[in-house]
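The structure appears right after this line, and notes come after that.
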Amino acid sequence: MSKPPERSPRARLIKKGTTSDGRSEDRARYPLDATEALPPEKLPREQKKVVAGPREGRTTAASRSSSASQRSLRRPTIPDQWGLLPDRPLFPSAQRTTKRQPFKRSEQKLPRRTALRKKRPKAAPPIPKKLTPEQRRQVEERYRAMVASGERPPEGRRKTIARELRLPYALVSEAVKNYLHRERLRRTNFEIEKIYWREVLAGQDDARAIVERAAAELKLDPGRIWWWLEKLHEWRKALDAEPEVSETQRAAILSFYQEYLKREAPPEKGLHLLISETIGEVTPRQVHKVLLQYRLSFWTRLKNTVRPDRAIA
445 MSKPPERSPR
455 ARLIKKGTTS
465 DGRSEDRARY
475 PLDATEALPP
485 EKLPREQKKV
495 VAGPREGRTT
505 AASRSSSASQ
515 RSLRRPTIPD
525 QWGLLPDRPL
535 FPSAQRTTKR
545 QPFKRSEQKL
555 PRRTALRKKR
565 PKAAPPIPKK
575 LTPEQRRQVE
585 ERYRAMVASG
595 ERPPEGRRKT
605 IARELRLPYA
615 LVSEAVKNYL
625 HRERLRRTNF
635 EIEKIYWREV
645 LAGQDDARAI
655 VERAAAELKL
665 DPGRIWWWLE
675 KLHEWRKALD
685 AEPEVSETQR
695 AAILSFYQEY
705 LKREAPPEKG
715 LHLLISETIG
725 EVTPRQVHKV
735 LLQYRLSFWT
745 RLKNTVRPDR
755 AIA
């Protein structure tokens, strides 16, 4: 490659009214006549315009135009390790023979038909976190009916009840579990009360002996027997405000209580509520007061009515 020609030094700042800064090369390149021949209106305020002469190694524009037409538009072949590179034009569009096709717009698309949205299914009712008293009563009634009839569905009683009543299985199972626990508790309390009255009416006057007999028969801890006997004879202050019943009503209540103790199992309803509904004209609290007075009349005659672990040494 040929070395590019050296550029002329840039124009220097020259003081106003002088043609050179005193250098010999400036005096040779910028003669006084050439500087003074320029019209003053074309001179800048602080800088003198220098007329550039022809540079060495430069050609005129006319000579360049004739030589440029003979210049090839293809790349020079450059050998490398694979041989000569393909002879490609510098400007591929210069040798293009086919005309460019005019721009064609794509066919207008038909408006897209919006698909019909599927109707959203109605949201299921929220799952209850706990059963209402009415729902719990329905669960217990259905379970009692299944037990009484001996019905045992393949999927189980609790799952069947949950499906029929459209309730969560967990809540139904919990309600049945509480019901069975309550029933076992009521059944155990009923058996303790029956053994207690049997021993008292038979002439037993020692409360500890009665407790030991009941614990041996029912295979329970004596503390469990003591707990229910204390509940049966525990007086409540709320009963003081209840009005007294007539002697006829008292006799009817005690007669029903004697029949109650002869049952094989306790009734579904509570004892006080059942007697109140059967006799009428008395409230469950009045029934409770009459029965408590009747029990205490026998309990106070017994000895050792205090639990051994509470007895004072």
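Each residue of the sequence shown is one higher than the last, beginning at 445 in my numbering. Glycine included, each C-beta is placed from N, C-alpha and C at the ideal position. Small disclaimer: the values here were computed from a predicted structure and weren't measured.
{"Item": "Extent of the continuous alpha helix (DSSP H) to which residue 702 belongs", "Value": "691-705"}
{"Item": "Presumed contact (8 Å Cβ cut-off) between residue 603 and residue 613, rounded CB distance", "Value": "6 Å"}
{"Item": "Contacts around residue 618, its chain only, beta-carbon distance under 7 Å, and the 5 residues preceding and following it disregarded", "Value": "none"}
{"Item": "Per DSSP, the bridge partner or partners of residue 747", "Value": "650"}
{"Item": "Complete alpha helix (DSSP H) runs within the stretch 550-610 (minimum length 4 residues, chain order)", "Value": "577-593 and 601-609"}
{"Item": "Contact check, residue 673 vs residue 719, beta carbons under 9 Å", "Value": "no"}
{"Item": "6 Å Cβ shell around residue 571 - same chain, five flanking residues per side excluded", "Value": "612"}
{"Item": "Residue environment, residue 733, which counts as buried when at least 16 other CB atoms sit within 10 Å", "Value": "buried"}
{"Item": "Rounded distance between the beta-carbons of residue 654 and residue 643, thought under 8 Å", "Value": "5 Å"}
{"Item": "Test item: CB-CB of residue 746 and residue 658 under 9 Å", "Value": "no"}
{"Item": "Simplified DSSP state of residue 667, which is helix, strand or coil", "Value": "helix"}
{"Item": "Terminal residues of the alpha helix (DSSP H) in which residue 641 lies", "Value": "613-645"}
{"Item": "Own chain, CB closer than 7 Å to residue 729, minus 5 neighbours either side, in chain order", "Value": "683 and 686"}
{"Item": "Sub-9 Å separation of residue 679 and residue 740 beta-carbons", "Value": "yes"}
{"Item": "Any C-beta of chain C under 9 Å from that of residue 742", "Value": "The displayed structure is made up of one protein chain only, and chain C is not part of it."}
{"Item": "Assigned exposure category for residue 735 - 16 Cβ within 10 Å defines buried", "Value": "buried"}
{"Item": "Nonlocal neighbours in the same chain, by C-beta distance under 8 Å from residue 583, ignoring five residues either side", "Value": "575, 605, 609, 611, 616, 619, 620 and 623"}
{"Item": "Residue 732 - DSSP class collapsed to helix/strand/coil", "Value": "helix"}
{"Item": "For residue 692 and residue 727, the rounded distance between their alpha carbons", "Value": "15 Å"}
{"Item": "Residues of its chain near residue 749, where Cβ-Cβ distance is below 7 Å and the 5 sequence neighbours each way are ignored", "Value": "651 and 743"}
{"Item": "Given residue 753 as reference, the closest of 554, 670, 633 and 577 once Cα atoms are compared", "Value": "670"}
{"Item": "Three-state class that DSSP yields for residue 655 in the structure shown", "Value": "helix"}
{"Item": "Terminal residues of the alpha helix (DSSP H) in which residue 721 lies", "Value": "715-723"}
{"Item": "Nearest-angstrom Cα separation, counted from residue 639 out to residue 731", "Value": "22 Å"}
{"Item": "Between the CA atoms of residue 634 and residue 706 - distance to the nearest angstrom", "Value": "10 Å"}
{"Item": "Nearest neighbour of residue 590, chosen from 601, 581 and 578 [CA to CA]", "Value": "601"}
{"Item": "Sub-9 Å separation of residue 738 and residue 704 beta-carbons", "Value": "no"}
{"Item": "Whole-angstrom distance between residue 690 and residue 713, CA atom to CA atom", "Value": "24 Å"}
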